[in-house]
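Here the sequence shown is numbered in numbering that gives the first Met the number 0, starting from 0 and rising by one per residue.
Working notes, beginning with the structure itself.
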Amino acid sequence: MLERDPKNVNSVKGIAYLYLQMKQFDKAKEFYRKATELDPNDPEPYYSVAVIDWTQTYQPRMEERAKLGLKPEEPLKDKKVCASLKSKNWNAIQDGIDNLNKALQLRAEYDDAMAYMNLLYREKADLDCDDAAARAADLKTADEWVDKTMAAKKAKAEKQPGAQGITMQPSQ
């Protein structure tokens with residue numbers, strides 16, 4: 000399909016999704032980026048790139064934290080590990096934040112994008128190893144994104160028809 004119509008954004012997004020499912024993250028990002036070129040007003044490919052950025056940074060960071068026996072709220076204190084993670088992950092974290100900002104410019108109430116903004120700021124905070132103030136600021140920003148996410152989800156739920164909880168359909 001793509002060979003016949005290389006500008007078919009749905010085909011490009013479909014290929015990106017297949018690469019994502021196969022955990023070929025760099026290829027998935029490549030195709031999601033192509034989708035943003037074909038339709039720059041669609042927030043979803045920007046969001047998808049950011050999700051991949053988070054996925055690629057979260058796992059290695061958690062592996063290193065586990066090796067050090069750190070609890071989730073404890074900062075990374077091993078300077079060598081922090082420097083290594085920072086050199087590997089910093090650009091992906093910033094790329095993710097930039098892509099989520101673009102997605103949110105296009106769809107202001109994009110609650111899934113807000114949720115990942117929280118996650119990426121937590122990634123960023125953990126790499127602020129030598130800067131307690133920057134870590135605190137990033138964690139505060141992450142918490143603010145949690146609040147925005149919850150508010151957006153609540154507003155969306157209130158707009159749904161019949162959003163009163165579980166309802167029973169009468170038997171026929």
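The beta-carbon is built from N, C-alpha and C at its ideal position, and this holds for glycine as well.
- In the DSSP annotation of this structure, the continuous segment of the alpha helix (DSSP H) that includes R60 starts and ends at 42-67.
- In the displayed model, E73 falls within coil according to three-state DSSP, outside both helix and strand.
- By the Cβ neighbour-count rule, M149 is exposed, with fewer than 16 other Cβ atoms within 10 Å of its own.
- Relative to K22, the option among K33, E36, T54, E43 whose CA is nearest is T54.
- Under the three-state reduction of DSSP output, L118 falls in the helix class.
- Taking the C-beta atoms as reference points, F30 is found no nearer than 8 Å to I51.
- Taking C-alpha positions only, A124 is separated from V11 by approximately 34 Å.
- Taking 8 Å as the cut-off, the beta carbon of Y120 is found closer than this to the beta carbon of W144.
- Remark: fewer than three beta-carbon pairs, one from each stretch, lie closer than 8 Å, so the region 127-138 and the region 60-68 are not flagged as touching.
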